[in-house]
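According to our numbering, the residues represented by the sequence shown are 1 to 261, in order. Built from N, CA and C at the ideal position, the CB exists for glycine as well.
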Amino acid sequence: MFQRKTPPAFLENHRIIDAKGVWKRYDAGGHRVEALRGIDLVVRRGEVVAVMGPSGCGKTTLLNCLSGLDVIDEGSVKIAGQDLKELTDNQRTDFRARSMGFVFQTYNLLPVLTGVENVELPMLVGGVRPSVARKRAEEAIAMVDVGAWARHRPAEMSGGQRQRFTIARALATRPQIVWADEPTGALDSETSAGIMDLMVELNKQNDQTFVWVTHSEEVGALAKRLIRMRDGRITSDTTAEDSSPSGAARHLPMNGEEKRD
């Protein structure tokens, strides 16, 4: 069994993700599949964590359970101190909208909307005033450097540009955690490198927590912390020697630091 490093005492109060004894089971073709087997995991604010492993190891299931997209069978998951099991489905949806952003391989941009309209849509659905939603969307788009494409529709963009708008949409709601499931899976190597460098830099700027699920060793190597899984269990958990954030840039307030509009 691998050995986890004991975190410094001052970090114990900065747990953004705290999972204990997490089990998730599925019925597949009449067989019971144990997708997660007693997962214990703590992630602290500002960490960049990559989760890797072979297909079927449980890494995407782990992301779904930690983010509340799926409900666990046993154990507990706390996000910023909130136990997800204590929330109803509607409360969990609202909690995700307020505190989390998502980046997926498939972009999930609506083809009939422009880039800026796609970025502001989740905020409008969440009740943010249109003027405020547009301002936040434009700020996030500027951060990912695709302002020239803000009035274009997804079909007019490259894959890299679409993924940047997806990242902008995730950031515009000022989340505490950004979850990314195979964020470069549909991109060429050069574009992938640019997207991952961008997320690393955004982590430095805003001290947001990033959790990536990836098959790519190159993507995993960019994380401050690398978790490997097999058969529903964590088999290794290693931290880069120098994980201190650097760089000074403008700070987008996290949810909870300002009132919702």
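In terms of Cβ geometry, L41 and T61 do not form a close pair [threshold 9 angstroms]. In the three-state scheme derived from DSSP, where H, G and I count as helix and E and B as strand, D181 is classed as strand. Taking 4 residues as the shortest admissible run, the stretch 56–86 contains the following complete alpha helix (DSSP H) segments, listed from N- to C-terminal end: 59–67. Counting of Cβ neighbours within 10 angstroms places D237 among the buried residues, the total reaching 16 or more. Here Y107 has R162, T166 as same chain residues with Cβ atoms under 6 angstroms from its own Cβ, once five neighbours each way along the sequence are excluded. Uninterrupted alpha helix (DSSP H) stretches at least 4 residues long and entirely within the stretch 161–247 occur at 189–206, 217–221, given in chain order.
For D145, the secondary structure class from DSSP, reduced to helix, strand or coil, is coil.
DSSP places M157 outside any alpha helix (DSSP H), giving it a letter other than H or E. Of the other Cβ atoms in all chains shown, 16 or more fall within 10 Å of the Cβ of S99; this residue is therefore buried. Residue environment for G220: buried (at least 16 other C-beta atoms within 10 angstroms of its C-beta). Cα atoms of V22 and R233: separation of roughly 10 angstroms, rounded to the nearest angstrom.
Look at L113 here: in three-state DSSP terms it is coil, with no helix or strand label.
Distances from the CA of P54 to each of K204, T191, M229 were compared; the closest alpha carbon is that of M229. DSSP places R45 in no beta strand (DSSP E); its state is neither H nor E.
Per DSSP, the beta-bridge partners of R15 are R44.
Sequence-distant partners of G159 (beyond 5 residues in either direction) whose C-beta falls short of 7 angstroms from its own C-beta, in its chain, are A186, L187, T191.
In the three-state reduction of the DSSP assignment, R92 falls in the helix class, which pools H, G and I.
Residues of the same chain with a CB within less than 6 angstroms of the CB of R136, apart from the 5 flanking positions on each side, are A172 in chain order. Assignment of beta-bridge partners to G101 by DSSP yields V178.
In the three-state scheme derived from DSSP, where H, G and I count as helix and E and B as strand, V51 is classed as strand. 9 angstroms or more divides the Cβ of P183 from the Cβ of A155. About 7 angstroms separates the beta carbons of C57 and D231, which is inside the 8 angstroms limit, making them a contact pair.
For S216, the CB contacts under 7 angstroms within the same chain, skipping 5 residues up- and downstream, are T184 in chain order. Distance between Y26 and K85, taken at the CA atoms: about 18 angstroms.
Rounded to the nearest whole angstrom, the C-alpha separation of L66 and L109 is 24 angstroms.
Of the other Cβ atoms in all chains shown, fewer than 16 fall within 10 Å of the Cβ of V71; this residue is therefore exposed.
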